[in-house]
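Visitor: The structure that follows is given in the form of structure tokens.
Residue numbers (the UniProt record's numbering), protein chains in the order written: chain B, 1 to 376; chain U, 1 to 376; chain Z, 1 to 376; chain H, 1 to 376.
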């Protein structure tokens, strides 16, 4: 018997924003949500115009107004997607969590460690759920990689290297997407390391199951007059003895959105690239490389669970994103029913968000200390 | 101002079918449709169980029943998706078209030439719209390829080669997906040539803008006891002097869903593969190869119009499929408003469907005549 | 104990020719030959200038002169490489074979069927050896593919498809390389089909072990005023029931030298591309694709025998060519010693050459008969 | 007029060694050398057996004996290739340099900084030439990359990242190739960082034209009981403000010999991988990626000079290696003639060798100081 759609609201995500549209599509793909309310811009006129263009039943001029009004309705929103610049994440999330409304929040968690810790305290205390959209964890081959590491297919991990490379900030930062990302007040202390480095770090942790012990970072701002890093080289020491590197850059021409994760153990290796997300290279040491595919031969349960259609029919970024929304829907359905949460939920939590903030903070501290090893 | 969602019904597509699920997701991605009714199986019990599982408001035991009941309602469906085995396409489509309900029909058009021509007559006479889901035309890089050919970037076309290769019928045909496809009564005269060869043919026509003059085909059924072809080699002569080959197979191990189109003119060449759909190789003769990407540098308007998110964030099969649904929605909105249809609609029409049937028929005739050249 | 180098002569291959230089490098790579004499051009002045530039001890104005003089010397050449335009192959080869000098001859065998048959008679009757440089058979991964087919790794073969695609004749044919290739008097009845189609055909036979039963061909000359084909589409019926296609083209922009062979049986598939020659894709049906590499994990004996250095250190075209020369050297050493030839020689023989000529002839005949099926 | 072949000797490189065979083939490919003498093993019996198997005219039991005897002959060797374990490089090279015999030496330069500096002093003072076989600099596309950086095609360099990854030491180190590499007495202070890290570093310098300012390294020996590093992560700060990373590993399953160099400036990016050496990706910022090829469209002079055959006919590792030998031959010919050396020689010199040793030393020092930044 099908569940009634979850009533969803959105903060940020006016019609000229990138990530708001992504969240809306992701919420629709599997049919678990109905978007019914929004405070789509910090400028009320823009908010209302966007809401009208999208056909939203209810539009608000601010998230506070929305939180209050929706909490008071019988048919008010059950969950809210927060897709604003980073510095708004914490106050907005808190406004909803405190009213028992579930929060689906874009990354990184907040713009400051203080905000992050405050939000974490509130989220942990709240009966409402908190999910962070580290969307790359939603890819089926990433789920397969995680399954394989957990199953010991690589043996003991020795190396976890990850890179996330873009080129769109090679020239001067211009346009709405760039503007707030280079402003410390809205973005936080991290530039590229916050915007994409946290994705890379989160992905490495998600797949490897490892915890970072220490890091040594060298951050640069190559763009002229840029206050925040647009390139970061980071050496990693994982607890238990594995090592790694993380490189993120937004000034590497020829890279649209090159997120690549490699893991090596004493029995085998894995190699995955986001721009060809339906493939995963697996090499058992001493044997030929194997090309594993989404829903293909040798698929793990995690791969199959995250797949909608047969192998050879590419799923992409939006489906991976939708996997997080659908996982959240399962949790929200359980919450509705008053039953225990499923024990196989995979969406990133407030703790992952806090981890990411500590990672950014550690990178900034290390770089400021001439790349000394620091603990996140 | 947002349009109200189009009320959609579905014929076929019970919860154990592949393509029904694809149509449902495709209809949701851009938010233009609400699925409100279904006759999801030819077995009423199955139909109702599927409808309940999907949360459909109205479930019917047959398409006839649905067509009649929905046509009588003020809030009845405006459009229907037909996702049954091939032999049901014609009678179901006719039932809806005759009641003024738009039809979105899976390919190939029908199981026989007679059905195809009858349906074509009715569709052309109907005020309702007919769209055929040759979904591969919805990929942004295919739209770019079409734009580039039309703009003369390849010069005069000399060669249009296409192949569509799978491996899932290598062993005995088993399972729901295979069963009806090897049965001439339900599938029609073509096996692989009908199931996937028509996609390849349609794609070649869509991008090249060429019309086929003659073909010579060699069809085989390698699977033991198989009544329909599972492999076809076809030589193509296009009107105007270009040549080509079409190869389709379902017995080539190592090919999940390898659809590849190559076009060569006297000024340049294009090469596209469905399993890496966000890429398109373009070589202006005498210059280095260029890798064009979805929404990337050098994107044409057709590429951009068919894209939702920035380059480097892979869109896939479902988004391409959704592009057809969204194009249909634009047409249906115009129909609602009583205005002229947009002149830039790209969805495949009844004529494309009839063309595809003639192509299947010609392949079968040629192969039966020792690969003589025949006119489709 | 090392063998003394084989004294080698060369006919054709002046310093401005492509393939002569290739033969010279190939003869040096493994150190089995010493090039000591040449008739490097049909123009004596050019011949002597090239010989001097190359430091050849003995230079001749014609192959006849060379054959006679060298046969009379105690230290005369033991073998000769013939690297002229096609129409010279037969008379030159005969001049040497009749004097007991081994012949290493470029492909295709000759420019006419008559020449081919005459040469074949003489070669079979001669005590001297005849080798045809279908050099692509020398690639280690091609040797592996052949081993795997023979071992039954693909099961019963169903499909053998091959394509050889270039772009250098897209514009007007110019330059020394192009000039004789478009002249039927020097090239023979085949254009692209003779120049590269024979390579593709030979490779398909070499790896599959199959014999062609019939073919149906469609040949075109797209280049303006071109007397010979520059594109050929061919459907293949192999003895025993397998099918295939062969496509060769020299007018497909974006293809430098794209030779690709695919074989599919009821148990698995293989896929190899000349431009990435150290790789071979193998898919056992129902399992993940495996990327086999030169001298890598899972290498067959044929792969190892044809490799000089470890995997990951690319060997290329010249090493593959050298493998034919080294195989010939083993035969020549046996001939010197008066012992039986090794039973594992893999170089293409006069019979392969005759087969290739029959293939060209059949393609031309079929194309002239509106692509009727013909027997080669 | 052809030059007489250069009389070449070899130290090390018995028939069971890898790199000796590579040097021999490289010396033969372009026909500039004749190998006439050898001290092929430190064990005289082995040395003589190898010499006989190779057909060498003169065999010696030690390099000292060879140096002395050959220097005394009128037809003695003019150059010697030193292909022993690292600790023998210095004494052997010195023995020949002091007798005026040119030295072609494998990398790294020596096993210790002391040896390196002593050898450098002697090499600089010697009238004989010294060449270090950082063979990866010989690839045509590397020459093209260097030309393009020098021509400003990337603009001001910001990032130079390089990785050299293998997997053959994933398990216990066994066999002749592994044995001496894990022994500090024969290999020196660097394991992977000396064996392959120096190649990566040299390549980055060769192409970028940059000089390293400081590095911070984290070295590990994952193999059980291994005294030397088998993995190194290194952060790089180049003079002038560019940054970078170097990763080398011999314990990453799935990597046969993955050497990859990426350079990014404010105008464009380059990406090259050794396992597909005939390709070079170039992206002018804001334009589509271009795939440049060996001797293909857009080839620079350096690319063409290092190429023997047309694009699409893969050249490989051995040809790249041969390019160094041929460059050395040009220098030796000039030396013979008493003329000035050509000013476009590209082979790595004693200074490059010393640089490499300082790089190893700096990595070891940094790693021992908890990855502090150190000056090489």
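Where is the CB? At the ideal position from N, CA and C, for every residue including glycine. As the structure is a prediction and not an experimental result, all values here were calculated from the model.
State the Cα-Cα distance for the pair residue 60 (chain B) and residue 83 (chain B), rounded to the nearest angstrom.
Guide: By one-based count along the first chain, residue 60 (chain B) stands at place 60. By one-based count along the first chain, residue 83 (chain B) stands at place 83. The straight-line gap from Cα to Cα measures roughly 15 Å.
Visitor: Grab me the residues of residue 193 (chain U)'s own chain with a C-beta within less than 7 Å of its C-beta, minus the 5 sequence neighbours each way, in chain order.
Guide: On the second chain, position 193 is the one that residue 193 (chain U) refers to. Cβ within range, chain order: 219, 229, 232, 248, 360, 363.
Visitor: Where does residue 244 (chain B) sit, in a helix, a strand or coil, going by DSSP?
Guide: Within the first chain, residue 244 (chain B) is the residue found at index 244, counting from 1. Three-state DSSP puts residue 244 (chain B) in a strand.
Visitor: Using a Cβ cut-off of 8 Å (strictly closer), state whether residue 293 (chain U) contacts chain B.
Guide: Here residue 293 (chain U) refers to the residue found at position 293 of the second chain. Yes, because at least one Cβ of chain B sits closer than 8 Å to the Cβ of residue 293 (chain U).
Visitor: For residue 228 (chain U), which of helix, strand or coil comes out of DSSP?
Guide: Taking the second chain and counting its residues from 1, the one referred to as residue 228 (chain U) is at position 228. Correct three-state label for residue 228 (chain U): coil.
Visitor: Compute the Euclidean distance between the alpha carbons of residue 326 (chain Z) and residue 31 (chain Z), then round it to the nearest angstrom.
Guide: Locating residue 326 (chain Z) in the third chain gives position 326, counting from the first residue. Locating residue 31 (chain Z) in the third chain gives position 31, counting from the first residue. Cα to Cα, residue 326 (chain Z) sits roughly 9 Å from residue 31 (chain Z).
Visitor: Please check if any C-beta of chain U sits within less than 8 Å of the C-beta of residue 373 (chain Z).
Guide: Within the third chain, residue 373 (chain Z) is the residue found at index 373, counting from 1. So, interface residue.
Visitor: Considering just the uninterrupted stretch of the alpha helix (DSSP H) at residue 354 (chain H), what are its terminal residues?
Guide: Numbered from 1 along the fourth chain, position 354 holds the residue referred to as residue 354 (chain H). Run containing residue 354 (chain H): 350–368, per the alpha helix (DSSP H) assignment.
Visitor: Closest to residue 42 (chain Z) by CA distance: which of Z:17, Z:143, Z:6 is it?
Guide: On the third chain, position 42 is the one that residue 42 (chain Z) refers to. That would be Z:17, whose Cα lies nearest to the Cα of residue 42 (chain Z).
Visitor: Do residue 316 (chain U) and residue 316 (chain B) have their CB atoms nearer than 8 Å?
Guide: As a position in the second chain, residue 316 (chain U) is number 316, starting the count at 1. As a position in the first chain, residue 316 (chain B) is number 316, starting the count at 1. For residue 316 (chain U) and residue 316 (chain B), yes; Cβs fall inside 8 Å.
Visitor: Classify residue 287 (chain H) as helix, strand or coil using the three-state DSSP reduction.
Guide: The count along the fourth chain starts at 1 and reaches residue 287 (chain H) at position 287. DSSP places residue 287 (chain H) in coil when its eight states are reduced to three.
Visitor: Taking 8 Å as the cut-off, decide whether the C-beta atoms of residue 123 (chain H) and residue 350 (chain H) are in contact.
Guide: Working through the fourth chain from its first residue, we reach residue 123 (chain H) at position 123. Working through the fourth chain from its first residue, we reach residue 350 (chain H) at position 350. Yes, Cβ-Cβ distance for residue 123 (chain H) and residue 350 (chain H) is below 8 Å.
Visitor: State whether the segment 141–148 of chain U contacts the segment 237–256 of chain U, with contact taken as three or more CB pairs (one from each stretch) at a distance under 8 Å.
Guide: No, the segment 141–148 of chain U is not in contact with the segment 237–256 of chain U.
Visitor: Would you please state the rounded distance, in angstroms, between the beta carbons of residue 101 (chain B) and residue 116 (chain B)? I believe it to be under 8 Å.
Guide: By 1-based counting over the first chain, the position of residue 101 (chain B) is 101. By 1-based counting over the first chain, the position of residue 116 (chain B) is 116. That pair is no contact at about 20 Å.
Visitor: Does residue 378 (chain H) get closer than 8 Å to chain Z when you measure Cβ to Cβ?
Guide: This structure gives no information on residue 378 (chain H), because the portion of chain H shown stretches from 1 to 376.
Visitor: Is residue 45 (chain U) buried or exposed, if buried means 16 or more other CB atoms sit within 10 Å of its CB?
Guide: Sequence index remark: in the second chain, residue 45 (chain U) carries index 45 (1-based). By the neighbour-count rule (16 or more Cβ atoms within 10 Å), residue 45 (chain U) is not buried but exposed.
Visitor: My understanding is that residue 276 (chain B) touches residue 257 (chain B), with C-beta atoms under 8 Å, so please give their C-beta distance in whole angstroms.
Guide: Residue numbering aside, residue 276 (chain B) sits at position 276 when the first chain is read from its first letter. Residue numbering aside, residue 257 (chain B) sits at position 257 when the first chain is read from its first letter. At roughly 12 Å, the Cβ-Cβ gap does not stay under 8 Å, so residue 276 (chain B) and residue 257 (chain B) are not in contact.
Visitor: Excluding sequence positions up to five away, which residues of its chain have a Cβ less than 8 Å from the Cβ of residue 309 (chain B)?
Guide: To locate residue 309 (chain B), count along the first chain from 1; it is residue 309. Here the set comprises 295, 315.
Visitor: Is residue 210 (chain U) closer than 8 Å to residue 242 (chain U) when the C-beta atoms are compared?
Guide: For this step, residue 242 (chain U) is matched to residue 242 along the second chain. For this step, residue 210 (chain U) is matched to residue 210 along the second chain. Taking 8 Å as the Cβ cut-off, residue 242 (chain U) and residue 210 (chain U) qualify as a contacting pair.
Visitor: With a CB to CB cut of under 6 Å and the five nearest residues on each side skipped, what residues in its chain are close to residue 383 (chain U)?
Guide: The structure shown has nothing for residue 383 (chain U), since chain U only spans 1 to 376.
Visitor: Counting only Cβ-Cβ distances shorter than 8 Å, please list the residues of the segment 19–50 of chain U near chain Z, keeping chain order.
Guide: Against chain Z - using a Cβ distance shorter than 8 Å - the segment 19–50 of chain U contributes no residues.
Visitor: Please list the residues of the UniProt domain "GFO/IDH/MocA-like oxidoreductase" (142–270) of chain B that have a C-beta atom closer than 8 Å to any C-beta atom in chain Z, keeping them in chain order.
Guide: Taking 8 Å as the Cβ-Cβ cut-off against chain Z, none of the residues of the UniProt domain "GFO/IDH/MocA-like oxidoreductase" (142–270) of chain B qualify.
Visitor: My output table needs one value for residue 463 (chain Z): the three-state DSSP class, helix, strand or coil.
Guide: With chain Z covering only 1 through 376, there is no way to say anything about residue 463 (chain Z).
Visitor: Within 10 Å of its beta-carbon, does residue 74 (chain H) have 16 or more other beta-carbons around it, so buried, or fewer, so exposed?
Guide: Reading the fourth chain from its first residue, position 74 is the one you call residue 74 (chain H). Per the 10 Å Cβ criterion, exposed.
Visitor: Please report the distance separating the alpha-carbon of residue 262 (chain B) from that of residue 340 (chain U).
Guide: Stepping through the first chain from its first residue, residue 262 (chain B) is reached at position 262. Stepping through the second chain from its first residue, residue 340 (chain U) is reached at position 340. Those two C-alpha atoms are separated by around 54 Å.
Visitor: Counting contacts by CB-CB distance shorter than 8 Å, is residue 279 (chain H) in contact with chain B?
Guide: Counting from 1 along the fourth chain, the entry for residue 279 (chain H) is found at position 279. No, because no Cβ of chain B sits closer than 8 Å to the Cβ of residue 279 (chain H).
Visitor: Using a beta-carbon distance below 8 Å, is residue 285 (chain U) in contact with chain Z?
Guide: On the second chain, residue 285 (chain U) is found 285 positions in, with the first residue counted as 1. Residue 285 (chain U) counts as touching chain Z.
Visitor: Rounding to the nearest angstrom, what Cα-Cα distance links residue 35 (chain B) and residue 29 (chain U) in this structure?
Guide: Residue 35 (chain B) sits at position 35 when you count from the first residue of the first chain. Residue 29 (chain U) sits at position 29 when you count from the first residue of the second chain. Cα to Cα, residue 35 (chain B) sits roughly 13 Å from residue 29 (chain U).
Visitor: What residues match up with residue 38 (chain B) in a beta bridge as DSSP calls it?
Guide: As a working note, residue 38 (chain B) is residue 38 in the first chain. BP columns for residue 38 (chain B) point to B:10, B:59.
Visitor: If I'm right that residue 25 (chain U) touches residue 318 (chain U) with Cβ under 8 Å, what's the distance once you round it to whole angstroms?
Guide: In the second chain, residue 25 (chain U) corresponds to position 25, counting from 1. In the second chain, residue 318 (chain U) corresponds to position 318, counting from 1. Contact holds; Cβ gap of about 5 Å.
Visitor: Is residue 109 (chain B) helix, strand or coil by DSSP?
Guide: The sequence position of residue 109 (chain B) within the first chain is 109, counting from 1. If DSSP states are grouped into helix, strand and coil, residue 109 (chain B) belongs with coil.
Visitor: Does the beta-carbon distance from residue 90 (chain H) to residue 103 (chain H) come in below 8 Å?
Guide: Counted from its first residue, the fourth chain places residue 90 (chain H) at position 90. Counted from its first residue, the fourth chain places residue 103 (chain H) at position 103. Going by C-beta atoms, residue 90 (chain H) is not nearer than 8 Å to residue 103 (chain H).
Visitor: What residue range does the beta strand (DSSP E) around residue 163 (chain H) cover?
Guide: The sequence position of residue 163 (chain H) within the fourth chain is 163, counting from 1. Here the beta strand (DSSP E) through residue 163 (chain H) covers 157–165.
Visitor: Reducing DSSP to helix, strand and coil, say where residue 442 (chain H) ends up.
Guide: This structure cannot settle anything about residue 442 (chain H), because the visible part of chain H is limited to 1 through 376.
Visitor: Can you list, in chain order, the residues of its chain with a C-beta nearer than 7 Å to that of residue 298 (chain H)? Leave out the 5 residues immediately preceding and following it.
Guide: Reading the fourth chain from its first residue, position 298 is the one you call residue 298 (chain H). Contacts found: 292.
Visitor: For residue 222 (chain U) and residue 138 (chain Z), what's the separation of their Cα atoms in angstroms?
Guide: Here residue 222 (chain U) corresponds to residue number 222 of the second chain, with the count starting at 1. Here residue 138 (chain Z) corresponds to residue number 138 of the third chain, with the count starting at 1. Cα to Cα, residue 222 (chain U) sits roughly 32 Å from residue 138 (chain Z).
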